[in-house]
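Engineer:
Numbering (this note's numbering), first residue to last: 28 to 89.
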């Protein structure tokens, strides 16, 4: 995130984190459990930090 903030000139806003089940996590992060939820308000940049299975399942759609 530091590198991204340096490139942008400001701290980026975190639009959402795609997880399998958002109700099972306790965090202040904006969690979503579907791509439709994540793209309700389309982000300007998507940072992929997924494992192989998630990339295989969602990568092309993102």
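Ideal Cβ positions, reconstructed from N, Cα and C, are used throughout, including at glycine. Just so it is clear, the structure is predicted and the values come from calculations on it, not from any experiment.
In this structure, does DSSP put residue 35 in helix, strand or coil?
Structural biologist: The residue labelled residue 35 in the question sits at position 8 within the chain shown. Three-state result, residue 35: helix.
Engineer: DSSP three-state label for residue 58, please.
Structural biologist: Numbered from its first residue, the chain shown carries residue 58 at position 31. Note: residue 58 maps to strand in three-state DSSP.
Engineer: Assuming residue 79 is part of the alpha helix (DSSP H), what are its boundary residues?
Structural biologist: For the purposes of this step, residue 79 is taken as residue 52 along the chain shown, with counting starting at 1. Unbroken alpha helix (DSSP H) run through residue 79: 79-85.
Engineer: Checking 8 angstroms against the spacing of the C-beta atoms, do residue 58 and residue 74 come in under that value?
Structural biologist: Mapped onto the chain shown, residue 58 falls at position 31. Mapped onto the chain shown, residue 74 falls at position 47. Their beta carbons are not under 8 angstroms apart, which means residue 58 does not touch residue 74 by this criterion.
Engineer: When the Cα atoms are used, what is the spatial distance from residue 31 to residue 42?
Structural biologist: Locating residue 31 in the chain shown gives position 4, counting from the first residue. Locating residue 42 in the chain shown gives position 15, counting from the first residue. The straight-line gap from Cα to Cα measures roughly 14 angstroms.
Engineer: Taking all protein chains shown into account, decide if residue 65 is buried (16 or more other Cβ within 10 angstroms of its Cβ) or exposed.
Structural biologist: Along the chain shown, one-based indexing puts residue 65 at 38. Buried: at least 16 other Cβ atoms inside 10 Å.
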